[in-house]
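J.: Provided herewith is a single structure, encoded as structure tokens, for subsequent inquiry.
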Amino acid sequence: MIKEILVNVAGDRLDRFVADKIDESRERVSNLIKDGHILVNKQVKKVSYKVSEGDLISVTIPEPVSLDIEEENIRLNIIYEDDDIAAINKPKGMIVHPSGNIVTGTLVNALLFHFDKLSEINGVYRPGIVHRLDKDTSGLLLVA
Numbered sequence: 002m003i004k005e006i007l008v009n010v011a012g013d014r015l016d017r018f019v020a021d022k023i024d025e026s027r028e029r030v031s032n033l034i035k036d037g038h039i040l041v042n043k044q045v046k047k048v049s050y051k052v053s054e055g056d057l058i059s060v061t062i063p064e065p066v067s068l069d070i071e072e073e074n075i076r077l078n079i080i081y082e083d084d085d086i087a088a089i090n091k092p093k094g095m096i097v098h099p100s101g102n103i104v105t106g107t108l109v110n111a112l113l114f115h116f117d118k119l120s121e122i123n124g125v126y127r128p129g130i131v132h133r134l135d136k137d138t139s140g141l142l143l144v145a
């Protein structure tokens, strides 16, 4: 999908300007800029570029890469569960979602096994994940 945006008001940073105009987080927009998927007047610019009146910004949202996430029978410490949410006590050392070369042994792999339906709020790679905890952090994690 390609979207073009004409700048009417100058002065905002490129990442902020684009994030306000499309349905993506500022972090995601910053990554799209760095990867060359967002151009200003057909040129790659830095995230901090200040937009000017009349700039034409082209945004290309790449198709998501298919990642087959397998469900795994990993024991979960479920503290609370109802039809809409669950509170999971995530142990230290467990990665929340698959990333890079790590595609097994994650909380997401376990969630896919234990729950019939998970929210797609954070996309196909993070089903049900409302927030995350770092690998070496233990604590309660909410799942939708």
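With positions in the sequence shown counted from 1, the corresponding number in this note's numbering is that position plus 1.
From the three backbone atoms N, C-alpha and C, an ideal C-beta is built for every residue, glycine too.
Note that the structure is a prediction, hence the values are computed from the model and not measured.
#1: Per DSSP, K47 is paired with what?
#2: For the alpha helix (DSSP H) containing K22, list its first residue and its last residue.
#3: Between the Cα of M2 and the Cα atoms of V8, L33, D13, which residue gives the shortest distance?
#4: Within the same chain, show all residues whose beta-carbon is closer than 7 Å to that of K93, passing over the 5 residues directly before and after it, in chain order.
#5: Using the three-state DSSP reduction, which class does S31 fall into: helix, strand or coil?
#6: Could you have a look at V60 and say whether DSSP puts it in helix, strand or coil?
#7: What's the C-alpha gap between F114 and G12?
#8: For the stretch 14 to 34 and the stretch 43 to 52, state whether three or more C-beta atom pairs, one from each stretch, are separated by less than 8 Å.
T.: The answer reads as follows:
#1: BP columns for K47 are empty, so no partner.
#2: Counting along the chain, the unbroken alpha helix (DSSP H) around K22 starts and ends at 15 to 22.
#3: The shortest Cα separation from M2 among V8, L33, D13 belongs to L33.
#4: D137, T138, S139, listed in sequence order.
#5: Looking at S31 - three-state DSSP - the assignment turns out to be helix.
#6: Here V60 sits in strand by DSSP.
#7: Rounded to whole angstroms, F114 to G12 spans 49 Å at the Cα level.
#8: Yes: at least three Cβ pairs fall under 8 Å.
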